[in-house]
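Chemist:
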Amino acid sequence: MNRFFKLLVLLTGILCVAIGISFAGTVGTTGAQFLKLATGARPVGMGETFVGLADDVNAIYWNPAGLNQIKGKEATFTHAVWFQSMFFSYVAYCQPLDVLQGKIGGAVRYLSAGKIDKVDKDGNELNESYTPYDFAFTLSYARLVKEIPLGANIKIINSKIDDKSAMAVAFDFGVIYDKLSLGGRKLSLGLVVQNLGTKMKFDKEGDPLPLNFRLGSSYKLLDDNLALGLDIKIPLDYTVSAHFGAEYVYKKIKDIQIAGRIGFKTTTVSDLDVLSGLSLGLGFQWKAYGIDYAWVPYGDLGNTHRMSLLARF
Numbered sequence: 438m439n440r441f442f443k444l445l446v447l448l449t450g451i452l453c454v455a456i457g458i459s460f461a462g463t464v465g466t467t468g469a470q471f472l473k474l475a476t477g478a479r480p481v482g483m484g485e486t487f488v489g490l491a492d493d494v495n496a497i498y499w500n501p502a503g504l505n506q507i508k509g510k511e512a513t514f515t516h517a518v519w520f521q522s523m524f525f526s527y528v529a530y531c532q533p534l535d536v537l538q539g540k541i542g543g544a545v546r547y548l549s550a551g552k553i554d555k556v557d558k559d560g561n562e563l564n565e566s567y568t569p570y571d572f573a574f575t576l577s578y579a580r581l582v583k584e585i586p587l588g589a590n591i592k593i594i595n596s597k598i599d600d601k602s603a604m605a606v607a608f609d610f611g612v613i614y615d616k617l618s619l620g621g622r623k624l625s626l627g628l629v630v631q632n633l634g635t636k637m638k639f640d641k642e643g644d645p646l647p648l649n650f651r652l653g654s655s656y657k658l659l660d661d662n663l664a665l666g667l668d669i670k671i672p673l674d675y676t677v678s679a680h681f682g683a684e685y686v687y688k689k690i691k692d693i694q695i696a697g698r699i700g701f702k703t704t705t706v707s708d709l710d711v712l713s714g715l716s717l718g719l720g721f722q723w724k725a726y727g728i729d730y731a732w733v734p735y736g737d738l739g740n741t742h743r744m745s746l747l748a749r750f
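Quick note: the sequence shown uses this note's numbering, first residue 438, plus one each step.
#1: Restricting to Cα atoms, I'd like to know which of 637, 716, 491 is closest to residue 743.
#2: In angstroms, rounded to a whole number, what distance separates the CA positions of residue 729 and residue 745?
#3: Quick check on the DSSP output: what are the complete beta strand (DSSP E) runs of length 3 or more inside the stretch 550-602, in order along the chain?
#4: Can you find the residues in the same chain that come closer than 6 angstroms, C-beta to C-beta, to residue 676, ignoring five residues on each side of it along the sequence?
#5: Kindly indicate which residue of 499, 722, 657 has the alpha-carbon position closest to the one of residue 577.
#6: Could you check if residue 679 belongs to the surroundings of the ligand COA, using beta carbon to heavy atom distance under 7 angstroms?
#7: Residue 679 and residue 664 - do their beta-carbons sit closer together than 8 angstroms?
#8: Who are the near neighbours of residue 523 in its chain, counting only those whose CB is closer than 6 angstroms to its CB and skipping five residues on each side?
#9: Using three-state DSSP, classify residue 479 as helix, strand or coil.
#10: Starting from the C-beta of residue 518, find all residues in its chain whose C-beta is less than 7 angstroms away, skip the five residues before and the five after it, and write them out in chain order.
#11: Should the stretch 465-474 be called in touch with the stretch 539-549, which here means at least 3 C-beta pairs below 8 angstroms?
#12: Where does residue 669 land, buried or exposed, given buried means 16+ other C-beta within 10 angstroms?
#13: Can you grab the Cα-Cα spacing for the pair residue 634 / residue 691, in whole Å?
#14: Distance check for residue 597 and residue 565, CA to CA, integer angstroms please.
#15: Could you give the DSSP three-state label for residue 522: helix, strand or coil?
#16: Going by DSSP, name the residue or residues bridged to residue 533.
#17: What do you get for residue 511, buried or exposed, if any count of 16 or more other CB atoms within 10 angstroms of its CB means buried?
#18: Thinking C-beta only, is residue 556 closer than 8 angstroms to residue 585?
#19: Tell me which same chain residues have a C-beta within less than 7 angstroms of the C-beta of residue 723, skipping the five on either side of it?
#20: By the three-class DSSP mapping on this structure, what secondary structure does residue 473 have?
#21: In the structure shown, what three-state DSSP assignment does residue 507 receive?
#22: Please report the distance separating the alpha-carbon of residue 632 from that of residue 696.
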């Protein structure tokens, strides 16, 4: 099984790289771009490295196979202050389901572009406005197959611009392999394929969804208090990017955990400035309840802030 899985990961990685390179010239040609927005202040603070770790309910977005690591019920809510009047919200829930011998989950994401004033073809204001939005509902299922965590999502996607709307259906598939070790410590590898589905059709032609491949790894040190992550993101409508992240959790206070996070991704550096690849995060947990914050700078465009609440019960 080990040899087979390693070969499968290797071949899939080679295939993903080949596909990513072949589509390098298709930047901006996909619809439903809001599906790319990273969820969860914790993963974002770690530079968006969560495919191999995926150990909380945020796994629904990053790698549904990670739901297998969750013992009970979990819920989270994330709110992100975006540029100008834009905002992004995300809520997710998961729990075990014995009748299906696995875990189930659900999530809703919503992006509002804020109010936009209408103008006629000559640019004259019409004293009318509209609010474009994007919405997606996700249903998740995960289970162990021969001790290997597998997971899948189905998503219903809706976008609306003024009086026109579009819908699509998409799937995600993920796997985690946590049987490897490095220096006597567990090394986890993850693979996920996101947004495999139908086109978003505002008109007759429609736009493909932003199909995305992610390969990720997670390695823990210092009695599992320090987590290191490395993810490779291979989108079909943009360039390949590398993501690096770390999280240190201080656990020496009874019932309290304090986390510090840092991350870096290569995607935005050439477009903006060196700080634009950086992310920082903080987390505070009291018993089964936690709050996380992430700060991500985007050069002259400004900074984005994400705040997440998480509860285990």
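Glycine residues also receive a C-beta, built at the ideal position from the N, C-alpha and C atoms. Every value quoted in this text rests on a predicted model; they were computed, and no experiment measured them.
Modeler: Walking through what the data contain:
#1: Checking every option, the nearest Cα to that of residue 743 belongs to 716.
#2: Answer to the nearest angstrom: the Cα atoms are 5 angstroms apart.
#3: The stretch 550-602 is shown to contain whole beta strand (DSSP E) runs of 3 or more residues at 553-556, 562-567, 570-582, 585-598, in chain order.
#4: There are no such residues.
#5: Residue 499 is the option with its Cα nearest to residue 577.
#6: You won't find the ligand COA in this model; it holds no ligand whatsoever.
#7: The Cβ atoms of residue 664 and residue 679 do not sit closer than 8 angstroms to each other.
#8: Excluding sequence neighbours, residue 523 sits near 550, 551.
#9: Of the three classes helix, strand and coil, the one that applies to residue 479 here is helix, per DSSP.
#10: Scanning its chain for C-beta atoms nearer than 7 angstroms, with the 5 sequence neighbours on each side dropped, one finds around residue 518 the residues 524, 741, 742, in chain order.
#11: Counting Cβ pairs under 8 angstroms, three or more are found: they touch.
#12: With 16 or more other Cβ atoms from the protein chains shown falling within 10 Å of its own Cβ, residue 669 counts as buried.
#13: Looking at the two C-alpha atoms, the distance is approximately 47 angstroms.
#14: So the two alpha carbons sit approximately 16 angstroms from each other.
#15: Residue state, collapsed to three classes: coil.
#16: When DSSP reads this structure, residue 533 sits in a beta bridge with 540.
#17: Result: buried.
#18: Cβ distance not < 8 angstroms, so residue 585 and residue 556 don't count as in contact.
#19: The beta carbon of residue 723 sits closer than 7 angstroms to the beta carbons of 692, 693 from its chain, once the five residues preceding and following it are set aside; these are given in chain order.
#20: Three-state DSSP puts residue 473 in a helix.
#21: Three-state result, residue 507: coil.
#22: Just so you know, the alpha carbons of residue 632 and residue 696 end up roughly 31 angstroms apart.
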